[in-house]
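Trainee: Protein chains in written order, with the working numbering: chain A, 1 to 587; chain B, 1001 to 1220; chain C, 2001 to 2450.
The beta-carbon is built from N, C-alpha and C at its ideal position, and this holds for glycine as well.
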Amino acid sequence: MAYVSIADRDHEVEHHDPQTFISKYVWSQDHKVIAIQYGALAIFIGLVGMLLSSMFRLQLGFPDTFQFINPENYLQFVSTHGMIMVIYLLTALFLGGFGNYLIPLQLGSRDMVFPFMNMLSVWVYALSVLILIASFFVPGGATGAGWTLYPPQAISQGTPGVDMGIILMLLSLAVFIVAFTMGGLNYVTTVLQARCRGMTLMRMPLSIWGIFMATILGLLAFPALLVSAIMMLLDRLIGTSFFMPAMMAAGEVTDHNGGSPVLFQHLFWFFGHPEVYIVALPAFGIVSDLLSVHARKNIFGYRMMVWAIIAIGGLSFIVWAHHMYVSGMNPYFGFFFATTTLIIAVPTALKVYNWVLTLWQGNIHLRVPMLFAIAFIFTFTHGGLTGLFLGNVTIDLPLSDTYFVVAHFHMVMGVSPVLVVFGAIYHWYPKMTGRMYNETLGKWHFWLTFLGAYSLYLPMHYIGFLGVPRRYFAMGNTDFMPDSAITLNSAMTISALIIAASQLIFLYNIIVSLKKGEPSGGNPWKATSLEWLTPDTPPKHGNWGHDLPVVHRWAYDYSVPGAPDDFTPQTVPADVVPVGRDHGVDS
Amino acid sequence: MYITLVFLGVIMATIIWWLLRQTFNTQPWVSEAADSTVSGPSIDTSSKSVALTTFLAVATSVFALFISAYTIRMDEPDWRPLAEPALLWANTVVLILASVVYHWTRNAAVNGVQHRIRPGLTIAGALTVLFLLGQLVAWRQLLAAGYYADANVANAFFYLLTAVHGLHMLGGLWVWFSSTIKVWTGADSDSVRLSIELCTVYWHFLLLVWIVLFGMLLST
Amino acid sequence: MPLAIALILLVVGTLVFHFLSPWTFTPLASNWSQIDDTIDITFVVCGIVFVAVNLFMAYAVVKYRAKEGSKAAYDPENKKLETILTIVTAVGVAAMLTPGLFVWGEFVDVPDDAMEIEAIGQQWHWTYRLPGKDGQFGNVDSLRMTNDNPFGMDPDDPLGQDDVLVYNPEVHLPVNVPVKVNLRSKDVLHDFAVAQFRVKMDLVPGMETYLWFEPTVTGSYEVLCEELCGIAHHTMRGAVVVDEQADFDAWLASNPTYAETQVASSGNAALGAAQYAVCAACHGQQGEGLQALNAPKIAGQSPWYLKRQIQNYKAGMRGVHENDIFGKQMAPMAATLVNDAAIDNVIAHIATFPDNPSPATVDGDVANGQRLYNTCAYCHGKDGAGIQAINAPRMAGMTDWYLVNQLKNFRAGVRGQHPQDFYGKQMGFMGRTIHSDELINDLVAYINTL
C-alpha cells in the first residue's frame, strides 16, 4: 500500500521556512499567504467592479445628468462589472481565497499538496486581472458586449471594444482559466489526499464540502468557457465562422457564413450555469459553519447538507439552457430544462430549511459574522424564490431580459454570496491576523450593506415586472413606464451609492484593526474545527508545529449533552469527552 | 451538446457514486463510524496521480466540448468537409509507437531495468516530436491545397482540433524533457519512475483522444 | 433583537411594497392571460414560503438568542421532518411547474389559422414583411442584402413579388386575429418584445425564430429590442399598432409590394429642376445652403435622407414643435412637393449639384470633440459620411452651424419627439448625451476636420 500523504510527513516540519520578505510575502508558497494574496487582489478588482456599477447606476438613476457616462462606456462598465464580479471577484475569492485558506487548515494539512503550482496559480490570476484592466486602456476601450459576450455582437461593428477590448477580455478569461485549473487541481488533490488522521470525508466541515464540490464543477465547467473563448477569438482574429453567420456589419455584408450564435450560448451557459454554483456552493458551506459556530449548535441535517451539495452540483450541469428559453433554440428543450431547473429547487430549499432549523433551539450570539449569515438566509430565500419565476419557462417569456432578471441574479449570486464573504472575513479575521475587528464598525457595515442591498434590489424586480429591459442606457419616454419609475430608479441609485460608500467602513475596519485591534487569542469563537486549534495565531508556515492534529469527531460538536463546554474540538478523543448521543436514527 | 453531456455525465456519475459510497451510511456525529487511526488519503495512490487523473478529466471536458461544438456546427448547410491528407495515417502510427515505447519504458522503470530507460525515453520523445512535425506537414499540405481556416469552418475545426491536441502533446513533452534530462545526467530509475508512469498514462490518453478526433474527422 | 425586528419589518415591508406598488405588469393586451395566471400561482407559492421561512427565522432569533446560562439543544438530524419538508417542497414545485409546462406547450404550438408576418431586426431598427395576397413569403438571403434591396429579396422568386415590405419600425395588426411573427436578424442578436403582449423571442442571424400571440386590445404598443445589440441597443424601438380589421386593411394597402418597389422611378432631375426653384430661394442655386436664411447645405446629402426628411415635414413629424422656428418655415415648403414622384425628382436634381465642403464657422476644442465623436462614429461612420443601413445621414462637409442647431434641437426635444419619428427619436437619445452647447461646438469642430 503506497501511503503517500504529505499530511503524514511530520519530519518535514522545518523544510522550507521562507526567510526573506520576497519569499515570505511575494513568491510565497504558503497557502495562507497565497489565500490572502488571492483575497486582496479579488477584493481590489471587486472594488473596481463596484465603482463601475456606481457609475452606470448614476446614469440609470439620473439619466443625462453626467457627461462622463455615454452609451459607449455605459456598456463597457456594465460588461466589465459583470465579468469582474462573477469571475474575478467571487470565483477567485471563494476558491482562491477561502479555498486556499481553509482547505489545509480545516483538514489538518501542512499546506496544499503542490505549493509551487499554488503560487503559480495566484500570479497567473494576477496576470489575468492585469490583462482585464489593460483592456480599458487600449484603443476602442474595453468590450461592451455584456458579460455574456454573445456573438455576433461581441465581435462585430456596433459594439464598443470590438477592436482590442474583446480580444483582451477573451485572453484574460483564458489566462484566468489556467490559473483556476492550477488552483483547482490543488484543492481537489489536497481534499482527497492530505487530510489528517481521523478526518473522514463525512467529518469535513461543510465549508470544505462546498469548496470541494465547487472546485469540481469549476474544473469541468470552465473548459466550456475556454472552448468558446478560443473559437470566438479565432472568429475575430482570422475570420473563421464558428459562431459568425452570414450577416451585415455597418451596412456591409461580411465574409462570415453559416456560424451558429446559439452554439456559443450553449457553450457559454454550459459553463455559466455551473458557475452560479461555483459561487454559491462555497457560500452555502461557509454559511453553514458560521451559523453552527455562532448558534452554538450542530448544523442540522449534516448528511442532507452534504448530499444536497452533491445533488446540486450534479444537477447544475443539466439546467444550463434555462438561460436560453427565448434564445431561439429549439423551443421543445424548454420542457426539459424547466423541469430540471425546478427540481434543483428541492435540494436548495432543503438547505435553507436546515439553516433555519439550525437556529431553532440554538444559543444565538448575534456577532457580526452571524448577522451576515442570517441576512444571507433572508436574501438567498428571496433570490432563490424569484429563480422559480425565471426557471419556469412560461414566466420567463415576459420577464427574460428585463430588470427582474438583473434583480434576481444580484440577489441570489451577488448580494447573498457577498454577505457570506463579509461574514466569513469577519469570522476568520482573528485567525488570519490574530486581532479582533471593531465590532461597532462591523455592525454599521452590516446594516448599511444589508438594508442598502435589499432596498436596491427589491424595487428592481418591480421595474422588471413593468417590462423595462436590462442593458438600456436610457428608457426615454415610453408609454408603459410611469414617471414614478424614474423616481424609483433614482432611489435605487442612492441605495447603490450608500452600499458602495459603506464598503469604505469595511476597508477601514480591516486595515486599522490589523494594528489596533484587540488581540483575539487562538479561538475567540470557541469553535470546534481544526483551524481554531493551531498552535500559533496567525498560524505559522506548516500550520501545526511539530505534530499534526488527529481528529476524533465531526466539526459540529456544539452543546453536546454531558460535555464540560458548549463546544468540543475535533481533536478531543471520545474517551475524554463523549460524542453526541446516537439520535436514534437507523442507518 | 449530447456528447459533452454523456462525457460529463459519466464523470459526474463516477464522482457522485464515489462520494455517496464514502458518505452513505455514516453518522458523523457518532464516533465509532470512523476510527481515528484510519486516515488521510481517500484514494490509495500518489497525490500526483490524483492530480493527473483530475487533469485528464478537465482535458476530457475540453475535448468533449470541442467535439460537441463540431457535431452541432456540422449540421449547418455551409459545411464542406475537407480531404484529410493521407499523412495523418502515418502520424497516427507514429503516435501509437510513441505510446507503446513509453509503456515499455514505464515497465522498465517499474521493474528497475535501468539500461532500458534512457533509450526508451529518448525514442518515445523522438517519436512524439516526429508526430508533431508530421502534423505540421499535414497543415502545410492542406494550406497548399487551399483549405484555409476562414474559407470553411470544417477546415477551421481541423486546424483547431489538431492544434489543441498538439498543445497538449507539447505540455507532455515538457515533462518528458525534464525526466529525460534527469535520466541522461545519471539519475536512477526511482527518481523518475513516477514521472514516467504518469507520462505513460498521459500519452495513452492523448493517443486515445487523437484516435477519437481522427476517426471523427475522417468520418465527416 | 434589532435583527429580528429588521427581518420582520422587511417581510412586512416586502408584502406592503408588493401590494401597493404601482410598478407592476402592464395591462395585458393579448391572449396570454395564462402566463399571468402562472405568475399569480407562483407568487402565491413563493410568497408563502418567503413569509414562512423568514418569520420562522426571526422568531428563532428572538426566542433562542444567547442569554445568561442558556444552552443550545443537540439535534443532529430529524429524518421525518426532513422527509416531510422534501415532500412539501416537491409538491409546491410541481404546483408551479405543471401549469408552466402546459402554457409553454401552447406557446410552442402555433394555431393553424394564425396570420404570418415577419419582423426583421437590424442595428438599430425594425422592419417588417407581410406575405401579400398569396399568403406565402418569398425567399430571402442575407448575402443579397444591399441598400437597394434591404430585405435581401430574391428577384426571381414569384412568391416574393407580392410580399408587402414595411421599411418602417411601425407595423399594424388586426385585433383578435392570432398572429405568428417570424423573426429574422440581419446582423446581430435582437429580441422582439412587447410588454403588453407578454411574449418575446430572440432574433438570431442565420436562422428564423418565431413567437405568436393574439392582440386583443386596439392601440399602439412599443416594441423593444431586449437582447443587447450594440451601442444603440436602447434606441431600437418600434411599434405594433393593433387596428380594427378595416383600418388594418387600409394600412396594408398603403405599403408597397416588392414588385412595386422594383418599378419605382428613380426620379427625373430635369423635372426636379423646376420644382427646385422654390428651394433655391433659401438653399441656394447649387444647394450650398445659406446661413443668413438658416437653410442648410443639401448638396451632397444622401438622397434617402433628404427624402425621409421631406416626407417627415409633410407628414407633420418634423417642423411642428413650437420652438422649431426654422423647421416651421420648412414645413410649408415641403408641402409644395405634392407626391413622392415630385420629391424624387427634386432629389434627383439636388444630386447633380457639385459637392463642395461648407466653410467652418464653429469654434471648439477639436480633441475633446474627437473623444465625443466616438459614440457618433458607430452610426455616422468614422469619416462622418453616414451609413444608410443604420439610417444615419452624412455630417462631414455639411453646414456646421446647422449641425449645431439640430443637435441643440435633439437635446431639447424640439426635434425627434414625434411618436412616429423613430429615427429622430434615436438621435434624440444620443443628442441628450451631450450636455452643453460648448460640447456641441467641440463635437462639430471635430466633424469639420473629417
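What in chain C is Cβ-close to lysine 297 of chain A, meaning under 9 Å?
Mentor: Tyr2064, Ala2072, Ala2073, Tyr2074 and Asp2075
Trainee: Which residues of the stretch 2383-2399 of chain C have a Cβ closer than 8 Å to any Cβ of chain A? Give them in chain order.
Mentor: Within the stretch 2383-2399 of chain C, the qualifying residues are Ile2387, Gln2388, Ala2389 and Ile2390.
Trainee: Expressed to the nearest angstrom, what Euclidean distance is found between the alpha-carbon atoms of threonine 1004 of chain B and proline 274 of chain A?
Mentor: Between threonine 1004 of chain B and proline 274 of chain A, the alpha-carbon positions lie close to 14 Å from each other.
Trainee: First and last residue of the beta strand (DSSP E) that includes arginine 2184 of chain C?
Mentor: 2179-2185
Trainee: Apart from the five residues just before and just after alanine 500 of chain A, which ones in its own chain have a Cβ nearer than 8 Å to its Cβ?
Mentor: Met50, Leu51, Ser53 and Ser54, listed in sequence order.
Trainee: Can you confirm whether tryptophan 1029 of chain B, when its beta carbon is compared against all beta carbons of chain C, has any partner nearer than 8 Å?
Mentor: Interface criterion met: the Cβ of tryptophan 1029 of chain B is under 8 Å from a Cβ in chain C.
Trainee: Which residues, taken in chain order from the stretch 487-501 of chain A, show a beta carbon closer than 8 Å to some beta carbon of chain C?
Mentor: Leu488
Trainee: Just verifying my parser: in three-state terms, what is the DSSP assignment at serine 559 of chain A?
Mentor: coil
Trainee: Around the Cβ of glutamate 2174 of chain C, are there at least 16 other Cβ atoms within 10 angstroms (buried) or fewer (exposed)?
Mentor: For the sequence presented, residue 2174 of chain C should be read as proline rather than glutamate. Buried, since its Cβ has 16 or more Cβ neighbours within 10 Å.
Trainee: Pick from B:His1115, B:Gly1166 and B:Gln1141: whose alpha carbon is nearest that of aspartate 1188 of chain B?
Mentor: B:His1115
Trainee: For cysteine 2229 of chain C, I'd like the list of residues in its chain whose CB is within less than 7 Å of its CB, leaving aside the five on either flank, ordered along the chain.
Mentor: Non-local C-beta neighbours of cysteine 2229 of chain C in its own chain, meaning closer than 7 Å and more than five positions away in sequence, comprise Gln2123, Trp2124, Val2188, Leu2189, His2190 and Met2236, ordered along the chain.
Trainee: Measure from the C-beta of proline 469 of chain A to each C-beta in chain C and report whether the shortest distance is under 8 Å.
Mentor: yes
Trainee: Quick one: what's got a C-beta closer than 8 Å to alanine 578 of chain A's C-beta in the same chain, skipping five residues either side?
Mentor: Reading off the sequence, residue 578 of chain A comes out as proline, not alanine. The residues are Val560, Gly562 and Ala563.
Trainee: Considering just the uninterrupted stretch of the alpha helix (DSSP H) at tryptophan 444 of chain A, what are its terminal residues?
Mentor: 439-466
Trainee: Report yes if the C-beta distance between methionine 83 of chain A and tryptophan 147 of chain A is below 8 Å; otherwise report no.
Mentor: yes
Trainee: For my contact list, leucine 2306 of chain C and isoleucine 2347 of chain C are in at a C-beta cut-off of 8 Å; report their separation, rounded to the angstrom.
Mentor: 5 Å
Trainee: Name the chain B residues whose beta carbon is nearer than 7 Å to that of alanine 224 of chain A?
Mentor: Leu1065
Trainee: Determine the DSSP secondary structure at tryptophan 2126 of chain C, reduced to helix, strand or coil.
Mentor: strand
Trainee: Does threonine 1026 of chain B get closer than 8 Å to chain A when you measure Cβ to Cβ?
Mentor: yes
Trainee: On the criterion of 16 or more Cβ atoms from any shown chain inside 10 Å, does tryptophan 428 of chain A qualify as buried, or is it exposed?
Mentor: By the 10 Å Cβ count, tryptophan 428 of chain A comes out buried.
Trainee: Looking only at its own chain, which residues have a Cβ that is under 7 Å from the Cβ of arginine 1106 of chain B, when we skip the five neighbours before and after it?
Mentor: Ile1196, Glu1197 and Thr1200
Trainee: CB glycine 61 of chain A to CB asparagine 489 of chain A, shorter than 8 Å?
Mentor: yes
Trainee: Using the C-alpha atoms, what's the distance from tyrosine 353 of chain A back to tyrosine 2059 of chain C?
Mentor: 14 Å
Trainee: Mapping DSSP to helix, strand and coil, what is serine 1195 of chain B?
Mentor: For serine 1195 of chain B, the secondary structure class from DSSP, reduced to helix, strand or coil, is helix.
Trainee: In angstroms, rounded to a whole number, what distance separates the CA positions of threonine 404 of chain A and alanine 1163 of chain B?
Mentor: Going by the sequence as given, residue 404 of chain A is phenylalanine instead of threonine. When the Cα atoms are used, phenylalanine 404 of chain A and alanine 1163 of chain B turn out to be separated by approximately 43 Å.
Trainee: Where does phenylalanine 567 of chain A sit, in a helix, a strand or coil, going by DSSP?
Mentor: strand
Trainee: Where serine 513 of chain A and leucine 504 of chain A are concerned, what is the direct C-alpha to C-alpha distance, given to the nearest angstrom?
Mentor: 14 Å
Trainee: For tryptophan 2212 of chain C and proline 2303 of chain C, what's the separation of their Cα atoms in angstroms?
Mentor: 37 Å
Trainee: Does the distance from the C-beta atom of threonine 1092 of chain B to that of phenylalanine 1177 of chain B stay below 8 Å?
Mentor: no
Trainee: At a cut of 8 Å, does the stretch 183-203 of chain A reach the stretch 286-300 of chain A through at least three beta carbon pairs?
Mentor: no
Trainee: Secondary structure at isoleucine 2387 of chain C, three-state DSSP: helix, strand or coil?
Mentor: strand
Trainee: Determine contact between the stretch 28-41 of chain A and the stretch 118-126 of chain A, defined as no fewer than three beta-carbon pairs at a distance below 8 Å.
Mentor: They touch, by the three-pair rule.
Trainee: To the nearest angstrom, how far is the alpha carbon of glutamine 1027 of chain B from that of asparagine 438 of chain A?
Mentor: If I take the Cα positions, the gap works out to 39 Å.
Trainee: Kindly indicate if chain A contains any beta-carbon less than 8 Å away from that of tyrosine 2378 of chain C.
Mentor: yes
Trainee: Can you say whether leucine 130 of chain A is buried or exposed, counting buried as having 16 or more other CB atoms within 10 angstroms of its CB?
Mentor: exposed
Trainee: Using beta-carbon positions only, say whether proline 151 of chain A and valine 1062 of chain B come within less than 8 Å of one another.
Mentor: no
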